[in-house]
Structure formats: structure tokens, C-alpha cells
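Written below as C-alpha cells is the structure these notes are about.
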Amino acid sequence: MAFKSIPASKQTRKSVHLFLHFCALALGIVGIIAVFKNHNLSGIDNLYSLHSWLGLVTTILYGIQWVIGFITFFFPGLAQSSRAAVLPWHVFFGMFVYGLALATSELGFLEKLTFLQQGGTIARFSTEAMLVNALGLIVMLLGICVVIAAILPVDQAAPDDYSPIE
3 MAFKSIPASK QTRKSVHLFL HFCALALGIV GIIAVFKNHN LSGIDNLYSL HSWLGLVTTI
63 LYGIQWVIGF ITFFFPGLAQ SSRAAVLPWH VFFGMFVYGL ALATSELGFL EKLTFLQQGG
123 TIARFSTEAM LVNALGLIVM LLGICVVIAA ILPVDQAAPD DYSPIE
């Protein structure tokens, strides 16, 4: 998204893209460490659900995607033809990992809501349950909007000699 939303040079947009994804990766790793610590302190098994498996796989793939992107597009020395060949795959796998992250978050909402309802903490149609469901829909809609924005072509500025028909 940095390439489409930041009005700056290509190098600046590339640097912002790299930095934001590094921050997201670092925060994801911190989150996984926090979950493991919390589970260990609470006596809860680790990696017992599809949510946890997908979360770990998503984070690992995201890390691989970041390292390959850094080596290919930011680190100097790689031929332009090699970068051009890798770019479509970088975009595809970026969208794939983003889709995995969305699916993982939706599974996390479902898992937490199921635990709360099974334990009798909240009722099936309680305000809290509706809030979690609404949040799940919002995350899904945001995900759709991000994917659409990422795959749509960038608007090209009209040439200086362009004038609309009146």
C-alpha cells in the first residue's frame, strides 16, 4: 500500500514499505512470544488449534517474504531483470500471506468466542458476542478493501497537454 498511497519517490516508498513490514513482523513475533509465555504461565497447551498453527505458519511465511523482499529489492547488487522477474511473485505471495493473516485473525475471533460461550461467560446472542461477530465482519471488509486497493492499477496523472472534451 505504501507504493500507492505515499506521494514520494520510488526509493522513499520502498523504504517506507520495508520499514512498515519490518515493524509488523517484529510485532507479530512479539505477539507469538507473549502468547507462548501466557499459555505456559496459565498451564494451557501451545499450538493445539488451527488458529495457532496458521498463526505460526503465517508469521514464518511473512518473515521469509520480508527477507526475500529485502535481498531482492532493497539490498544493492541484484540485476534489474532479476528484480523484475521476482516482483510478480513477491506481490502474489504478499497477498497470499495477507489472506492467511486475515483467515488466522477470523479463526482467532471464532476460537475466543467459542471458549467464552462454552464456559458460560457470555450468552450466544449477548452484546459481547455480537460485538465479536461485528469485529470479524469489519476485519473481513477491511481485508477485501486492502486487496482491491493493492491489485487495482495506479492512477496515472494526465499529461500536461490533456484537456477534457467540453
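Residue numbers for the sequence shown follow my numbering, beginning at 3 and rising by one.
Beta carbons are placed, not taken as given, at the ideal position from N, Cα and C, and that holds for glycine.
For this session: Give the secondary structure of Met-3 by DSSP, where H, G and I count as helix, E and B as strand, and everything else as coil.
Result: Locating residue 3 in the sequence shown gives position 1, where the first residue counts as 1. Correct three-state label for Met-3: coil.
Exercise. Where does Phe-67 land, buried or exposed, given buried means 16+ other C-beta within 10 angstroms?
Worked result: In the sequence shown, the residue the question calls residue 67 occupies position 65. A small fix is needed here, since residue 67 is Gln in this sequence, not Phe. Under this definition Gln-67 is a buried residue.
Problem set entry | Closest by C-alpha distance to Leu-27, when choosing among Ser-7, His-53 and Gly-57 | Counting from one through the sequence shown, the residue named residue 27 turns up at place 25. The residue with the shortest Cα to Cα distance from Leu-27 is Gly-57.
Exercise. How is the alpha helix (DSSP H) around Phe-98 delimited, first residue to last?
Worked result: Locating residue 98 in the sequence shown gives position 96, where the first residue counts as 1. First-last of the alpha helix (DSSP H) with Phe-98: 82–120.
For this session: Could you pull the start and end residues of the alpha helix (DSSP H) that Leu-139 belongs to?
Result: For the purposes of this step, residue 139 is taken as residue 137 along the sequence shown, with counting starting at 1. Where Leu-139 is concerned, the enclosing alpha helix (DSSP H) stretches over 129–153.
Exercise. What is the C-beta distance between Phe-111 and Gly-138, in whole angstroms, given that I count them as a contact (C-beta under 8 Å)?
Worked result: Counted from its first residue, the sequence shown places residue 111 at position 109. Counted from its first residue, the sequence shown places residue 138 at position 136. Contact flag correct, Cβ pair sits at about 5 Å.
Exercise. Between the stretch 59–79 and the stretch 100–117, do three or more beta carbon pairs fall short of 8 Å?
Worked result: Yes, the stretch 59–79 touches the stretch 100–117.
Problem set entry | For Glu-113 and Val-134, the rounded distance between their alpha carbons | The residue labelled residue 134 in the question sits at position 132 within the sequence shown. The residue labelled residue 113 in the question sits at position 111 within the sequence shown. About 11 Å.
For this session: From the DSSP output, in three-state form, read off Leu-58 for me.
Result: Your numbering for residue 58 matches position 56 in the sequence shown. Here Leu-58 sits in helix by DSSP.
For this session: Can you tell me which of Ser-44, Gly-33, Phe-117 and Val-93 puts its alpha carbon nearest to the alpha carbon of Leu-213?
Result: Here the chain covers residues 3 to 168 and nothing more, so residue 213 does not appear.
Exercise. Can you give the Cα-Cα distance for Ser-128 and Ala-81, rounded to whole angstroms?
Worked result: Here residue 128 is taken as the residue at index 126 of the sequence shown, counted from 1. Here residue 81 is taken as the residue at index 79 of the sequence shown, counted from 1. Each residue's alpha carbon lies about 58 Å from the other.
Exercise. Quick one: Cα of Tyr-50 to Cα of Thr-123, how far?
Worked result: For this step, residue 50 is matched to residue 48 along the sequence shown. For this step, residue 123 is matched to residue 121 along the sequence shown. Straight-line Cα distance between these residues: approximately 22 Å.
Exercise. Is Ile-124 helix, strand or coil when you go by DSSP?
Worked result: Here residue 124 refers to the residue found at position 122 when the sequence shown is read from its first residue. Here Ile-124 sits in coil by DSSP.
Exercise. Do you know offhand how far Ser-7's Cα is from Phe-72's?
Worked result: Within the sequence shown, the letter at position 5 stands for residue 7. Within the sequence shown, the letter at position 70 stands for residue 72. Those two C-alpha atoms are separated by around 20 Å.
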